[in-house]
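A short worksheet on the structure shown next.
Protein chains: 2
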Amino acid sequence: MSFQAVKGTRDFYPDAMRLRNWITDAWRRVSLRNGFEEYDSPIFEYLDLFAAKSGPEIAEQLFSFTDRGGRNLAIRPEITPALARMVNARINALPRPIKWFSVPRLCRAENPQKGRLREFFQWNIDIIGEDSPLADAECVFVAIDALRELGLTAGEVAVRYSSRALTSRVLAAVGVTAADVPAVLAVLDKRAKVPEEAFAEMLAKAVPDGQARQAILRFLQIDNPTGISADQLAGLVGIQADPEIVAAQRDLERFARGLEDFGVADWCRYDANVVRGLAYYTGIVYEVFDRDQSLRAVAGGGRYDNLLEVLGGPKVGGTGFGMGDVVLGILLEERGKLPADLRNPRLDFFVVEGSQGQLDKVLKVVGVLRRAGLSADFSYKSQPLGKQLKEANRRGAASAVIVKQDVVTVKNLSSGDQQDRPLAEFLDKPM
Amino acid sequence: MSFQAVKGTRDFYPDAMRLRNWITDAWRRVSLRNGFEEYDSPIFEYLDLFAAKSGPEIAEQLFSFTDRGGRNLAIRPEITPALARMVNARINALPRPIKWFSVPRLCRAENPQKGRLREFFQWNIDIIGEDSPLADAECVFVAIDALRELGLTAGEVAVRYSSRALTSRVLAAVGVTAADVPAVLAVLDKRAKVPEEAFAEMLAKAVPDGQARQAILRFLQIDNPTGISADQLAGLVGIQADPEIVAAQRDLERFARGLEDFGVADWCRYDANVVRGLAYYTGIVYEVFDRDQSLRAVAGGGRYDNLLEVLGGPKVGGTGFGMGDVVLGILLEERGKLPADLRNPRLDFFVVEGSQGQLDKVLKVVGVLRRAGLSADFSYKSQPLGKQLKEANRRGAASAVIVKQDVVTVKNLSSGDQQDRPLAEFLDKPM
């Protein structure tokens, strides 16, 4: 009889756990310094909550179950529905903007692939109740702040953004009906992922009119829609500017200027092919990829102005992103960013029995050190001094405390420096 | 349409999350300084793993499901089976003793009651591969180290311990058959939880022989089985000492002396009524309760020498405990131990637009502060100075940075002290 973890899940042995903590601690530290407060939701919810956000077909991608009370429940595949549920429940009591983050454990019933597991951790940053595109720019800043914190540079990862509002409006202006817009956006989303011919074929199917298709391709070629007037922008596509195009362009401009002011413009560039698969985005959207785009997205997000309403709340907009630990972990490893000291545990002190029969004093010293907030360990059994010092090294101890009759020797294990102190004095005041 | 969390689960709004983090951070800090390394397992496992440890009836207490691959899975109700699985998988590669901790999220399909929820967090401390009772004593020290770290005292919580090895051997010696020992232990476990008469009745049913019952009651009255010889101990019960009793008593003595040396003996006392419900304990067992015993157990644990073997590994023993967040949280709140500053968020700086049209400079200042590792926030929209300073206070900012044309004023919001600095200089070197 031998048991294993379920395929697509991970056992976190201490070395893997140190890596996970190194990433999640950075996410938390960055969130707090950017003014976000942490929240969390239960690991399972009513299945209906996920279906209300994503449609009933989401059930296929969930680990769902019926409990003994007959409730249809599911393990959360994302935290956004719970976020909307929680905010809706206290919408009048919560001061806005609501700036919240979370690092939930999520599960999806998918086939495991490189960068995609059945269980993973995802950093979520959201700002709710603030319409300014500066909030969107701030979210991008926060994502970059974390990537930089973990050692990545603008040469290694890039943020590509666009405006779903602008793209949708351009599609409408070239003749795509409102009902067809989602399908066309889905085709655009595929552009970077499929060969050019396959894309042309998909687009031809979604937009049968050749002139409309040409206009869309002209729009996709625009490098920077914010350095020009709305009329110029519309002219490049071959349509007329209207108030919606003007507003979307203005928001995009404010967003881009925010990135400049925050000092992260060099990490970011406009790319109309970015539309994000999820149907619920309504404004600026963005994705973070490694520069080679050899991996899946490191992060993705954008503005969602209808989600709270869809889940039974008021029409209050939000913006935010998710960044998973799996692709990020692969990227950090491939780029050699994992700190060497993550490999080994560390201790402040390893307390050694310096002569036989002193184990009781070793325990006293260990107890006193730990109570003083210092990390300390020891061997449960009497062992030769050399063996104990070897163990001290294996455990990554900075110093050894060698306990003899009435004296302790504190020895720095890297420099070799050592100092004797009376045991009684040490027990009274270890540091 | 209004969605709610499933009964027995919790939404962690930021104030509740700060409390949860305050507890779990203390657990982690204490674990590390006691020389434990963190690990984690997946949120779900094969149902068989839990059944192998606890018997097929455990399925009733689990949230279980069948995935699309036909696998029978369950959300983990405890982490110990996964711990044993993980250790077994690398038993020859892992240096011993294995000192590991975890703070898993766990779920049990129970009816929610005070102190018992369907989803909770549980600190787990385990030492595997070390037979010395000092390892058991160290685990108790670690539990107390955390309780003390969270502000509790020996007057508020108590550890009661006993030796399941000693109790089992005494039961055998008075004539309880090996097959009946678990049932009798289960009766002893109930003693503190039911009226005296009910206990007498249960015991009479489990041990029909009156003389054996009297001997058991004499054993339960022994205050301290370690201050006397094995013959004296046996004499108090009315049985003969044998090698197993001698060994169990010696282990108990070494354990108690370890508690003395670690400096925590005043938190602990022997109590033969403590047997722990779980069948898998084999040696010293213990429970932590509030002194009034008005709440459920805060923590419980002990030695388990067969678990790894039961789960397909070698016969390597372990010892450890679990401490849940729910009862502990209630106790800390009832005893007034929650730090006042958990109620509110905190920021190092709130950056204020000191005159109109400076929002771009506000963003620059915010970006520079955050990149320097300081927490900083601002208002997305231009607002009157007074309103911005009010927001700074609400957000718990230590200082305000008021940005004017080319100057920033850094104002300490508690003392009122303030200092002007040229903007360019501040952007170059904020601190």
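Going line by line, the protein sequences match chains U and Z.
Each residue of the first sequence is one higher than the one before, starting from 1 at the first, in the numbering used here.
Each residue of the second sequence is one higher than the one before, starting from 432 at the first, in the numbering used here.
Here a beta-carbon is modelled for each residue, glycine too, at the ideal position from N, C-alpha and C.
The residues 472, 473, 474, 475, 476, 481, 513, 535, 537, 538, in chain order, have a CB closer than 8 angstroms to that of residue 507 of chain Z in the same chain once the five nearest residues on each side in sequence are set aside. Taking CB atoms only, residue 78 of chain U has no neighbour in chain Z less than 9 angstroms away. Within the DSSP secondary-structure output, residue 781 of chain Z pairs in a beta bridge with Z:808, Z:831.
In the same chain as residue 163 of chain U, and ignoring 5 residues on each side of it, the C-beta atoms closer than 6 angstroms to its own belong to 248, 252, 284, in chain order. In terms of Cα proximity to residue 502 of chain Z, the closest of Z:479, Z:800, Z:486, Z:462 is Z:479. DSSP places residue 176 of chain U outside any alpha helix (DSSP H), giving it a letter other than H or E. Counted as a single uninterrupted DSSP element, the beta strand (DSSP E) harbouring residue 843 of chain Z occupies residues 838-843. Only residues of its own chain outside the window of five on either side were considered, and among them 382 have a CB closer than 7 angstroms to the CB of residue 356 of chain U, listed in chain order. When the beta-carbon positions are compared, residue 112 of chain U and residue 468 of chain Z stay at least 9 angstroms from each other.
Using a Cβ-Cβ cut-off of 7 angstroms, residue 471 of chain Z is close to 12, 17 of chain U, given in chain order.
Annotation: the continuous beta strand (DSSP E) that includes residue 102 of chain U extends over 98-102. By the criterion of at least three beta-carbon pairs nearer than 8 angstroms, the region 645-665 of chain Z is not in contact with the region 543-556 of chain Z. Using beta-carbon distances, residue 145 of chain U counts as an interface residue toward chain Z, with a partner under 9 angstroms. If you draw a straight line from the Cα of residue 172 of chain U to the Cα of residue 279 of chain U, it comes to about 17 angstroms. Inter-segment contact for the region 844-851 of chain Z and the region 787-798 of chain Z is absent: fewer than three beta-carbon pairs are separated by less than 8 angstroms. At least 9 angstroms separates the beta-carbon of residue 308 of chain U from that of residue 135 of chain U. In the displayed model, residue 550 of chain Z falls within a strand according to three-state DSSP. Within the region 672-753 of chain Z, complete alpha helix (DSSP H) segments of at least 4 residues are found at 674-693, 738-741, given in chain order. Taking 9 angstroms as the threshold, the shortest C-beta distance from residue 523 of chain Z to chain U does not fall below it. Under the three-state reduction of DSSP output, residue 426 of chain U falls in the helix class. Looking at the DSSP output, residue 755 of chain Z sits in a beta bridge with Z:553.
Scanning U:80, U:407, U:64, U:78 for the CA closest to the CA of residue 505 of chain Z turns up U:64. DSSP places residue 65 of chain U within a strand segment (E or B) once states are collapsed to three. Counting the other Cβ atoms within 10 Å of the Cβ of residue 445 of chain Z gives 16 or more, which makes it buried. A contact between stretches requires three or more CB pairs, one per stretch, nearer than 8 angstroms, and the region 316-327 of chain U fails this requirement with the region 335-344 of chain U. Listed along the chain, the chain U residues whose CB falls inside 8 angstroms of the CB of residue 452 of chain Z are 38.
For residue 124 of chain U, the closest Cβ of chain Z is not nearer than 9 angstroms. Residue 422 of chain U sits away from residue 372 of chain U, with the two beta carbons spaced by 9 angstroms or more. Taking 7 angstroms as the upper bound on Cβ-Cβ separation, chain U lies near residues 561, 563, 565, 566, 572, 576 of the region 560-591 of chain Z. Restricting attention to beta strand (DSSP E) runs no shorter than 3 residues, the region 438-521 of chain Z encloses them at 475-477, 495-497, 503-506, ordered along the chain. Using a Cβ-Cβ cut-off of 9 angstroms, residue 426 of chain U does not count as an interface residue toward chain Z, since no Cβ of chain Z sits closer than that to its own. In terms of beta-carbon proximity, residue 708 of chain Z stays away from the interface with chain U, with every pair separated by 9 angstroms or more. With its beta carbon at least 9 angstroms from every one in chain Z, residue 423 of chain U lies outside the interface. Under the Cβ criterion of 9 angstroms, residue 86 of chain U is counted among the residues facing chain Z.
Taking one beta carbon from each stretch, the region 281-300 of chain U and the region 251-270 of chain U have 3 or more pairs nearer than 8 angstroms; the two touch. Linking residue 610 of chain Z to residue 634 of chain Z through their CA atoms gives a straight-line distance of about 16 angstroms.
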